[in-house]
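Counting from 2, one number per residue, gives the positions in the sequence shown under the numbering used here.
To start, the structure under review is shown below, and the notes come after it.
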Amino acid sequence: MMDRPEIDLTGKVALITGGGGGIGRASALALAAAGADIAIIEVIPERCDEVVAQVEAMGRRALAISGNVMESDVVRGAVEATASHFGRLDILVNNAGGVTWRAFSDLAEKNWRRHIDLNLISNLAATSSAIPHMIAAGGGAIVNVTSIEASRAAPGYAVYAACKAGINNLTRTLAVELSEHGIRVNSIAPDFTLTPGVQGNFTGPVDESKWPLKSGETNEVLRRRIPAGRPGIDTECGNLVAFLSSSLASYITGTIIPVDGGTWASGGWIRSDSGKWVLPPEMS
Ligand SMILES: NC(=O)c1ccc[n+]([C@@H]2O[C@H](COP(=O)([O-])OP(=O)(O)OC[C@H]3O[C@@H](n4cnc5c(N)ncnc54)[C@H](O)[C@@H]3O)[C@@H](O)[C@H]2O)c1
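Below, the structure is given as structure tokens:
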């Protein structure tokens, strides 16, 4: 009889950027639940402490690194600190990122550069520093958190979307370049997922009790637009990150996997009043 397959990351070490909240925190906790020791780099210190406490309560070792991933020296330092603290690095989750809405024609060059530093350079810095440690460990897994906006037009989010599209192709390219070292590289591409950032909780601890409820109107738009009929939950991304990091995904590399309730597949089709799928403006 075959054993029941399970995600087992016992003895592995993972570093998650922006691991104090949202998809990063959910990834850290899913990886820890599967047995990995965890380092996070996070710009809000109390979020570091909270996630470290949760990981330790699960019986794993944890390292909090307070820092801003927009400084590539800090990112490189976080990779080195992780490898030196735990003696190895097997898994890198390039999660930190973000965007503010503004028409491209209103963005100044300093805004482009901030988006690029946060969403692209941070990933390059962490990845390039992590590779030698993964080679030394005999292989590894890199999981990038991109976005549905990497694969479709994203009005108001042009530079962010360009960065995420860049990471999608970086994923494919590095999957090929690093294959000989046993390093797999994949991306997850969320759509609308309830996280502190989406809920305006940009400072202090993650506090879901203070998050505004979505209005009935917003929920109705989400129900019509997302085949699953609801927003995503951060743990739904974290679970996929843990799977892609594990030997259950040993033959999966160079992929971009949507975690979007079917939105990308629906490609503009909307759920009508009758429940039938239509292309706007035919709404009923
Ligand atoms: N939530 C969504 O709907 C959604 C959709 C598509 C893609 N994404 C992507 O998922 C990733 C995580 O998004 P989220 O919604 O969980 O974000 P979030 O803002 O809820 O959480 C991000 C965490 O990273 C930390 N962080 C932010 N900037 C940082 C920096 N410069 N240095 C260190 N830490 C930093 C934050 O403090 C926070 O704890 C991002 O790359 C984002 O682009 C999110």
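The C-beta atom is built at its ideal place from N, Cα and C for all residues, glycine as well.
Checklist entry - Quick one: what does DSSP say Val207 is sitting in, helix, strand or coil? => result Under the three-state reduction of DSSP, Val207 is assigned to coil, being neither helix nor strand.
Next on the checklist: For Ile136 and Asn187, which I take to be in contact (beta-carbon distance under 8 Å), what is that distance rounded to the nearest angstrom?
Outcome noted: Not quite, the Cβ-Cβ distance comes to about 18 Å (not below 8 Å), so this is no contact.
Next on the checklist: Taking 8 Å as the cut-off, does the stretch 70-86 touch the stretch 122-130 (at least 3 CB pairs, one atom from each stretch)?
Outcome noted: Output reads yes: the stretch 70-86 touches the stretch 122-130.
Next on the checklist: Any heavy atom of ligand 1 inside 7 Å of the beta-carbon of Thr264?
Outcome noted: Relative to ligand 1, the beta carbon of Thr264 is positioned no closer than 7 Å to any heavy atom.
Next on the checklist: Quick check on DSSP: helix, strand or coil for Asp38?
Outcome noted: Per DSSP, reduced to three states, the secondary structure at Asp38 is strand.
Item to check | DSSP-derived helix/strand/coil call for Leu64 | outcome: Three-state result, Leu64: strand.
Checklist entry - Is it right to say Asn170 is buried, meaning 16 or more other beta carbons lie within 10 angstroms of its own, or is it exposed? => result Within a 10 Å sphere around the beta-carbon of Asn170 sit fewer than 16 other beta-carbons, which makes this residue exposed.
Next on the checklist: With three or more beta-carbon pairs closer than 8 Å as the criterion, would you say the stretch 3-10 touches the stretch 209-218?
Outcome noted: In short, these stretches do not touch, since the Cβ pair count stays below three.
Checklist entry - Could you give the distance in angstroms between the alpha-carbon of Gly22 and the alpha-carbon of Ser275? => result Taking the straight line joining both Cα atoms gives about 38 Å.
Checklist entry - When DSSP labels each residue in this structure, what does Thr194 get in the three-state scheme? => result Correct three-state label for Thr194: strand.
Item to check | Residue from Thr194, Val222 and Leu249 whose Cα sits closest to the Cα of Pro232 | outcome: Checked all of Thr194, Val222 and Leu249; the closest Cα to Pro232 is Thr194.
Checklist entry - Given Val65, which residues of its chain have a CB within under 7 Å of its CB, disregarding the five upstream and five downstream residues? => result For the sequence presented, residue 65 should be read as Ala rather than Val. For Ala65, where only same-chain residues beyond five positions count, the Cβ hits under 7 Å are Ile41, Cys49, Asp50 and Val53.
Checklist entry - Between the Cα of Ile17 and the Cα atoms of Asp9, Trp113, Thr11 and Leu30, which residue gives the shortest distance? => result Checking every option, the nearest Cα to that of Ile17 belongs to Leu30.
Next on the checklist: When you compare the CB positions of Asn120 and Cys164, do they come within less than 8 Å of one another, or not?
Outcome noted: In this structure, the beta-carbon distance from Asn120 to Cys164 falls below 8 Å.
Checklist entry - Rounded C-beta distance between Arg61 and Ala82? I'm assuming under 8 Å. => result That pair is no contact at about 17 Å.
Next on the checklist: Quick check: the stretch 133-149 against the stretch 92-108, are at least 3 beta-carbon pairs closer than 8 Å?
Outcome noted: Output reads yes: the stretch 133-149 touches the stretch 92-108.
Checklist entry - Which full runs of the alpha helix (DSSP H) of 4+ residues lie inside the stretch 217-248, going along the chain? => result Runs found: 217-226 and 235-246.
Item to check | CA nearest to the CA of Asp9, picked from Phe244, Thr256 and Thr264 | outcome: Nearest C-alpha to Asp9: Phe244.
Checklist entry - From Arg114 to Ala79, what distance separates their C-alpha atoms? => result The straight-line gap from Cα to Cα measures roughly 22 Å.
Next on the checklist: Using C-beta distances below 8 Å, list every residue in its chain close to Ser180, excluding the 5 sequence neighbours before and after it, in chain order.
Outcome noted: The residues are Thr254.
Next on the checklist: Going residue by residue through the stretch 139-199, where are the continuous beta strand (DSSP E) segments of at least 3 residues, counting only ones entirely within it?
Outcome noted: With a minimum length of 3 residues, the unbroken runs of beta strand (DSSP E) contained wholly in the stretch 139-199 fall at 141-146 and 184-191.
Item to check | Length of the line joining the Cα atoms of Asp118 and Gly25 | outcome: The alpha-carbon of Asp118 is positioned some 18 Å away from that of Gly25.
Checklist entry - Hey, out of Ser273, Pro206 and Tyr161, whose CA is closest to Pro228's CA? => result Minimum Cα distance to Pro228 is reached at Ser273.
Checklist entry - Which residues in the same chain have their Cβ closer than 8 Å to the Cβ of Pro281, if we skip the five residues on either side of it in sequence? => result If we look at Pro281 and ignore the five residues flanking it on each side, its Cβ neighbours are Gly269 and Ile271.
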